[in-house]
Amino acid sequence: MPETPVPGDGPLLTVDGLTAGYTGVPAIRDLSFTVGAGEVVSLLGPNGAGKTTSLLAMVGLVPLMAGSVTALGAAVDPKRPYKLARRGVLLVPDDRGIFPGLTVRDHFRLAQRKADPAREEAVLGRFPALRGLLARRVGLCSGGEQQMLTIAKALLGRPRVLMIDEMSLGLAPKIVQEMLPSIRALAREEGIGVVLVEQHIELALSVSDRGVILNHGRVVLEGAARDLLAHRDQVEAAYFGAEEFAGAEVGA
Ligand code: ATP
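The sequence shown begins at 452 in our numbering and counts up by one.
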């Protein structure tokens, strides 16, 4: 995977005034945030808040109506989303993108454009539970194991920016509790910029640098994760739609 230079020490991902939606109707309006190397930013909010739409727009799969998305120093080109993936900006969808009839090893092969045993070893080192499952059909793996595989597949491509949509969907809270810290660790250790879409607010914030809370397609509260965790009342009110929080900074 060729390394794409990012000018200076600038962010890996810059979302500026992003407005996007379907058939001319915005599902997300005026979203702005940045993600630097090694940072985790959580996009939080209730069902239908616009989290998935934001991720899809960031990789060019939903057209922008206004604003811009810059990834690894270049504007995202909605006509060529595959180019973005090749440059290392990867979206991990909430449906996990796996084939139940294929084995874990098959998925490892499919995820690599060129076999890279050293990388494979490094990824298995991060998710050791997968090592004993290489020959198992993915349809027989547990939800947590499937989710590990989904993240492992993305890591095989040496991503620079990883967007993870509701990793915890269908998983027991205990499994989520175990997996989210590994996302924090891989961001730090590999310098990956991570955008995390989550329903588990506290768990997500506990592994994030910053949080952005969306409601009805708008940013209703944002700030440093530790400040959001310290003002849970504000977070809850924003999450459940209190109007006075529209666009607020936490603690303000
Ligand atoms: P959830 O947590 O339930 O996945 P979300 O925050 O990810 O929700 P989105 O899936 O981005 O929310 O949806 C935002 C809005 O856009 C919702 O009103 C939804 O009904 C609408 N929407 C999503 N996908 C489409 C589509 N393909 N066509 C039209 N409207 C859509």
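Even glycine gets a Cβ: it sits at the ideal position worked out from N, Cα and C.
(1) Quick check for students: name the residue ranges of the alpha helix (DSSP H) that lie wholly in the region 497 to 530, counting only runs of 4 or more.
(2) According to the neighbour-count rule (16 or more other Cβ atoms, all chains shown, within 10 Å of its Cβ), is residue 559 buried or exposed?
(3) Can you tell me which of 642, 609, 603 puts its alpha carbon nearest to the alpha carbon of residue 618?
(4) Report the option in 668, 666, 645 whose CA atom is closest to the CA atom of residue 658.
(5) Alpha carbons only, please: which of 535, 568, 636, 549 is nearest the one belonging to residue 612?
(6) Check whether the Cβ of residue 512 sits closer than 8 Å to any heavy atom of ligand 1, and report yes or no.
(7) State buried or exposed for residue 456, treating a residue as buried only when at least 16 other CB atoms are found within 10 Å of its CB.
(8) How would you call residue 666, buried or exposed, if buried means at least 16 neighbouring beta carbons within 10 angstroms?
(9) Rounded C-beta distance between residue 647 and residue 589? I'm assuming under 8 Å.
(10) In the structure shown, what three-state DSSP assignment does residue 700 receive?
(11) Measuring only the C-alpha atoms, how far is residue 580 from residue 615?
(12) Name the residue from 546, 632, 687, 656 whose alpha carbon lies nearest to the alpha carbon of residue 494.
(13) Could you tell me whether the Cβ atoms of residue 654 and residue 664 are closer together than 9 Å?
(14) Please check the pair residue 707 and residue 622, which I expect to be a contact at CB under 8 Å, by giving their CB distance rounded to whole angstroms.
(15) Is the separation between the beta-carbon of residue 690 and that of residue 496 shorter than 9 Å?
(16) Does the region 465 to 478 come close enough to the region 625 to 633 to have 3 or more Cβ pairs within less than 8 Å?
(17) Go to residue 577, then tell me how far its alpha helix (DSSP H) extends in each direction, as first and last residue.
(18) Any residue with its C-beta under 5 Å from a non-hydrogen atom of ligand 1 counts. Can you list them all in chain order?
(19) Determine the extent of the alpha helix (DSSP H) in which residue 629 is found, giving its start and end residues.
(20) Any contact between the region 521 to 536 and the region 568 to 580? By contact I mean 3 or more CB pairs, one from each, below 8 Å.
(21) Just to confirm, is the Cβ distance from residue 489 to residue 642 under 9 Å?
(22) According to the Cβ coordinates, are residue 607 and residue 571 closer than 9 Å?
(23) Rounded to the nearest angstrom, what separates residue 460 and residue 591 at their Cα positions?
(24) By DSSP, does residue 588 sit in helix, in strand, or in coil?
Here's the rundown:
(1) 502 to 509
(2) Within the sequence shown, the letter at position 108 stands for residue 559. Burial call: buried.
(3) For the purposes of this step, residue 618 is taken as the residue at position 167 of the sequence shown. Closest option to residue 618, Cα to Cα, is 603.
(4) Mapped onto the sequence shown, residue 658 falls at position 207. Looking at the Cα atoms, 645 is the closest of the given residues.
(5) The residue labelled residue 612 in the question sits at position 161 within the sequence shown. Considering only alpha carbons, the answer is 535.
(6) Here residue 512 is taken as the residue at index 61 of the sequence shown, counted from 1. No, since every heavy atom of ligand 1 falls outside the 8 Å radius drawn around the Cβ of residue 512.
(7) Walking along the sequence shown from the start, residue 456 turns up at place 5. Bear in mind that a pLDDT of 46 at residue 456, under 50, signals an unreliable position, so the number given afterwards is only what the model happens to contain. Answer is exposed; the Cβ neighbour count stays below 16.
(8) Taking the sequence shown and counting its residues from 1, one reaches residue 666 at position 215. With 16 or more Cβ atoms within 10 Å of its Cβ, residue 666 is classed as buried.
(9) Here residue 647 corresponds to residue number 196 of the sequence shown, with the count starting at 1. Here residue 589 corresponds to residue number 138 of the sequence shown, with the count starting at 1. Not quite, the Cβ-Cβ distance comes to about 23 Å (not below 8 Å), so this is no contact.
(10) Sequence index remark: in the sequence shown, residue 700 carries index 249 (1-based). If DSSP states are grouped into helix, strand and coil, residue 700 belongs with the strands.
(11) Here residue 580 refers to the residue found at position 129 when the sequence shown is read from its first residue. Here residue 615 refers to the residue found at position 164 when the sequence shown is read from its first residue. Cα to Cα, residue 580 sits roughly 20 Å from residue 615.
(12) On the sequence shown, position 43 is the one that residue 494 refers to. Of the candidates 546, 632, 687, 656, the one whose C-alpha sits nearest the C-alpha of residue 494 is 656.
(13) Locating residue 654 in the sequence shown gives position 203, counting from the first residue. Locating residue 664 in the sequence shown gives position 213, counting from the first residue. Their beta carbons are not under 9 Å apart, which means residue 654 does not touch residue 664 by this criterion.
(14) It is not possible to answer for residue 707, since the shown part of the chain is limited to 452 through 703.
(15) Along the sequence shown, one-based indexing puts residue 690 at 239. Along the sequence shown, one-based indexing puts residue 496 at 45. In this structure, residue 496 lies closer than 9 Å to residue 690 by Cβ.
(16) no
(17) Indexing the sequence shown from 1 puts residue 577 at position 126. Residue 577 -> alpha helix (DSSP H) spans 568 to 577.
(18) 473, 478, 498, 499, 500, 501, 502, 503, 504
(19) Here residue 629 refers to the residue found at position 178 when the sequence shown is read from its first residue. Start and end: 624 to 641.
(20) no
(21) Locating residue 489 in the sequence shown gives position 38, where the first residue counts as 1. Locating residue 642 in the sequence shown gives position 191, where the first residue counts as 1. Taking 9 Å as the Cβ cut-off, residue 489 and residue 642 qualify as a contacting pair.
(22) By one-based count along the sequence shown, residue 607 stands at place 156. By one-based count along the sequence shown, residue 571 stands at place 120. Yes, the Cβ-Cβ distance between residue 607 and residue 571 is below 9 Å.
(23) As a first step, residue 460 is located in the sequence shown; it is residue number 9 there, counting from the start. As a first step, residue 591 is located in the sequence shown; it is residue number 140 there, counting from the start. Going by the C-alpha atoms only, they are around 44 Å apart.
(24) What you label residue 588 is simply residue 137 of the sequence shown in a count that begins at 1. It is a strand residue.
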